[in-house]
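Student: From first to last, the protein sequence lines stand for chains A and B. The first sequence begins at 1392 in the working numbering and counts up by one. The second sequence begins at 11 in the working numbering and counts up by one. All C-beta atoms, glycine included, are put in the ideal place defined by N, C-alpha and C.
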Amino acid sequence: MSHRLCSIVLALSWFVAGVARAELRVVATTTELAAVAKAVAGAHADVSALALPTQDPHFVDARPHLALDLARADLLIVVGLQLEVGWLPTLQTGSRNGAIQVGGKGYLDCSQLVDLLDVPGGKLDRSQGDIHPGGNPHYMNDPRRAAAVAAGIAKRMAALDPRHAAGYEQGAQRFQAQLQAARKRWEQQLATLRGSKVIAYHKTLPYLMDWVGAEVVEHLEPKPGIPPNPRHVAHALGVARAQGVKLVIQEAWYPSSTGRVFAERAGARLVVLPGGTDFNHGKNYFDYMGEVVKRLLGRS
Amino acid sequence: MTDQALREGAARLAALWLGCAAAAASHAAAQSTQPAAAGAEAPAPAAAGAEAPAPAAPPAPQPTQPTPEDEQALAQALAADQAAAAESSPGPGSGTSARAQAGGNPASFNPDLSFIADFALAYFSEDENLQTGGHDPQHTGFNLQQLELSVGSAVDPYFRFDANIVFAQFGVEIEEAYATTLDLPAQLQLRAGQFLTRFGRLNPTHPHAWDFVDQPFALGRVFGGEGNRGLGVELSWLTPLPWYVELVASATDAAGEATARSFFGAEDLGIEGLDDLEYLGAIKQFFPLSDDWSLATGLSSAFGPNATGRDNHSEVYGADVYLKWRPITYQSYQQVALHGEWFYRRRQVPEQVLQDGSGFAALAWRFAIRWAVAGRYEYGSSAVDTGFDSAPDYLDPEWTERRQRVAANTTFFPTEFSRLRLQGSVDLPGWKDDPIWAAFLAFELVTGAHGAHAF
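1) For SER1486/A, name the three-state secondary structure that DSSP assigns.
2) Where in the region 1610 to 1660 of chain A do unbroken runs of the alpha helix (DSSP H), each at least 4 residues long, occur, reported from the N-terminal end onward?
3) Would you mind reading off the limits of the beta strand (DSSP E) that contains TYR5/B?
4) If we define contact as Cβ-Cβ less than 8 Å, is PHE1653/A a contact residue for chain B?
5) Taking 8 Å as the threshold (C-beta atoms), are TYR327/B and TYR354/B in contact?
6) If you follow the beta strand (DSSP E) that ALA1568/A is part of, which residue opens it and which one closes it?
7) Is it buried or exposed for GLY308/B, if we count other Cβ within 10 angstroms and need 16 for buried?
8) Kindly list, in the order they appear in chain A, the residues whose Cβ is closer than 8 Å to that of HIS149/B.
9) Can you tell which of PHE171/B, PHE134/B, GLN141/B, LEU140/B has the C-alpha that lies nearest to the C-alpha of LEU123/B?
10) Residues of the region 321 to 340 of chain B in Cβ contact with chain A at a cutoff of 7 Å, in chain order, please.
11) For the region 1430 to 1481 of chain A, which segments carrying the beta strand (DSSP E) assignment without a break, of at least 3 residues, lie completely within its bounds, in sequence order?
12) Can you confirm whether PRO1619/A, when its beta carbon is compared against all beta carbons of chain B, has any partner nearer than 8 Å?
13) Among PHE233/B, GLU454/B, ALA83/B, whose alpha-carbon lies nearest the alpha-carbon of THR1649/A?
14) Rounded to whole angstroms, what is the Cα-Cα separation between GLY143/B and GLY230/B?
15) What are the partner residues of SER428/B, as DSSP defines its beta bridges?
16) Using a beta-carbon distance cut-off of less than 8 Å, what residues from the region 1577 to 1604 of chain A approach chain B?
17) Assess, as a yes-or-no matter, whether the region 1458 to 1466 of chain A is touched by the region 1492 to 1504 of chain A under the definition of 3 or more beta carbon pairs within less than 8 Å.
18) Take ARG1565/A and list the residues in its own chain whose beta-carbon comes closer than 7 Å to its own, dropping the five residues that flank it on each side.
19) Which residues, taken in chain order from the region 75 to 88 of chain B, show a beta carbon closer than 8 Å to some beta carbon of chain A?
20) What does DSSP give as the partner residue(s) for ASP1588/A in the beta ladder?
21) Got a sec? Which residues, its chain only, sit under 7 Å from VAL359/B by beta carbon, not counting five neighbours each side?
22) Is the Cβ of HIS463/B closer than 8 Å to any Cβ of chain A?
23) Under the assumption that GLU267/B contacts GLY234/B (Cβ atoms under 8 Å), give the Cβ distance between them as a whole number of angstroms.
24) Kindly indicate if chain A contains any beta-carbon less than 8 Å away from that of GLU197/B.
25) What does ALA127/B pair with, by DSSP beta-bridge criteria?
26) Name the residues in the region 193 to 224 of chain B whose C-beta lies less than 8 Å from a C-beta of chain A; which are they?
27) Determine the chain A residues that contact LEU248/B at a beta-carbon separation under 8 Å, and present them in chain order.
28) Are the CB atoms of THR1421/A and PRO1448/A within a distance shorter than 8 Å?
29) Out of GLU1414/A, ASP1601/A, LEU1457/A, which has the shortest C-alpha to C-alpha gap to PRO298/B?
30) Closer than 7 Å: is that where the CB of TYR1498/A sits relative to any heavy atom of the ligand ZN?
31) For VAL1493/A, count neighbouring C-beta atoms within 10 Å of its own C-beta (all shown protein chains included) and say buried if the count is 16 or more, exposed if not.
32) Is there a Cβ from chain A that is less than 8 Å from the Cβ of ALA312/B?
33) If you check the beta carbons only, do PRO1511/A and ILE1522/A fall under 8 Å apart?
34) What distance in whole Å lies between the Cβ atoms of ALA187/B and GLN204/B, which are believed to be in contact at a cut-off of 8 Å?
35) In or out: PHE227/B buried (at least 16 other Cβ within 10 Å) or exposed?
36) Considering only the alpha carbon of each residue, which of ALA347/B, ALA196/B, PRO402/B, ASN419/B lies closest to TRP247/B?
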């Protein structure tokens, strides 16, 4: 009994110690957002990500221990546009933390910070596949939009933790300056892809291709979220050959046999992009985008 | 012409297709309109094939259109992906959906609404089957298991409101309607209204989150066909321990044949004192054993009055365990989940105490992107008195021997919003001479917003 009491006291003191820490506790849903948040906050915040880079952010299990992170969070940063709709609301409610509920001062939906693409119009239903009514949520693979996200994150962090407002501002500026330099380099390297046509597995590439200046002419999925079937893939192969597609691009969280054989048959190269950055092992946004660029260029 | 060749090849492939041929055909039909639209802005192959640029571009030996060899290789690759994969969208539960959330959707104060329909074609080898679930298929032939309207929304910064209203063939039932606090201090949370109690793991869930067509008989036997629920209030506490420990306590109405049958059940004796309510206490823990392995455990207990006489009480104790493997550190669609629950019940009746145990163990395997299989074993002992002698059970007088049931099923998920499930089971009630065989073909549709699901 006294043993149990002891452990409870220990746990409580750990909890109180946690509260007393000066750091802002930040939870991001994806690793790219976490990486940008960390770049902005530096030592002023403790940042974690809910999903792994190897995990499709549409389909994350609401494992209850994630609610613990949220319970203790000052700021929850989300991609929005219903990317996390299948799992995040459960965790938010379970966290019992009013600050990070939708509309709370500790809830930041980054989709509101960027220009969106693929915003569907007209009548929507799921006969169109698993579409995102608010627009395409895969904007973090565009460094221009990541820069805008960094500014928005800094602003919110400054509001939550005014003591370090200058630090967040500087963090964002430093990140943006570095990104500017890196972008120049990447854009030079990627110039060879400008104007090229690509085939994507899922609708994850509009922002990346918008930046690169390439065009997605067809997807391996017949409709978003519907797995490829022979008829559609045969159609896509026809498109690829007719339009001289040189790249077939997918994220690592999709199976790659179809893409590989498809690319071979189409005389194209399969590019498997990282789903995110290995934030838990110290990787940052530049590692992520650097890897994306490298793989697009076939240098991995 | 090229278009036709393409179609012929594709049709051949579709017939060979590993997945559901019907589904593939419907996709194909849906797409047949797409290329035309695409052709308007960028030359699609069908259109381009007839014109100059496409044939000119590739050198002669490589035709624009896929050859049978191409198609075969692609079919194999697709099959490989399908086989290596089981869908990363887990069941209809946890996928993306059109739930309105801030950012994106046009501003609206409408709550999230969804309709979930469950139909089943059933066969029973005996007319008098022993299905105990309120939404189980009940008779040979077509069954409407339920049509559920689920409504949910934040009320204000302090509460959210959720309701599940179920339409059956001849009536409407308010299954759940409750408020949940969002911002109590000290990681406390209050629920108030009518809700499914958090006894065990399965009880608080709805049929579309289940791996089987029917409810385990343990729930129907102990709590009733609808599972344990009632009007009341619940307080839960997410403890500040470093791992996930949640404590739950609730007080609910003890009446209801389908919701609290081991308590007042059908015969409401009325409330004369505080011990005429049902009280529940539970502890839930979660252990992320690794990125890929999860373990959730729970211990539950419920106490309340029963209808065999004033001041006679019932107690139910439960243990649940859920072990799940879902690799997320590399590309895979596979998921394996082991789920077991046990219910031990003690009921004070005139001149004796009845005790019995019931439970189930289920194993579910999502083995391909759209396919899953599951198996379940169930056990229920007969009621005995404190001397472990067989004693008549006033609720189930025929239940004088142990009962076992085994079920197995396979599920096809066209998307996370629809599923087709074929289930077979054999029920072996010790008090019957013959086993009861059953087969169900169940079809579920989810439309509208779909809330996120708990783990």
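Tutor: The structure says:
1) helix
2) 1621 to 1634, 1648 to 1657
3) Residue 5/B lies beyond the residue range present for chain B, which begins at 11 and ends at 465; the question has no answer from this structure.
4) yes
5) yes
6) Premise fails: ALA1568/A lies in the alpha helix (DSSP H), 1556 to 1581, not in any beta strand (DSSP E).
7) buried
8) Chain A residues near HIS149/B: none, gap ~32 Å exceeds 8 Å.
9) PHE171/B
10) ARG336, ILE338, THR339, TYR340
11) 1436 to 1440, 1466 to 1469
12) yes
13) ALA83/B
14) 6 Å
15) THR425/B, LEU455/B
16) none
17) yes
18) none
19) GLN75, PRO76, ASP80, GLU81, ALA83, LEU84, ALA85, GLN86, ALA87, LEU88
20) In the sequence on display, residue 1588/A carries Lys and not Asp. Per DSSP, GLU1606/A.
21) THR318, ASN322, TYR404
22) yes
23) 6 Å
24) A small fix is needed here, since residue 197/B is Gln in this sequence, not Glu. Judged by the 8 Å Cβ criterion, GLN197/B is in contact with chain A.
25) LEU157/B, LEU455/B
26) ASP193, LEU194, GLN197, LEU198, GLN199
27) ALA1458, LEU1459, ALA1462, GLY1485, SER1486, ARG1487
28) yes
29) LEU1457/A
30) The model on display carries no ligand, and the ligand ZN is accordingly not part of it.
31) buried
32) no
33) yes
34) 5 Å
35) buried
36) ALA196/B
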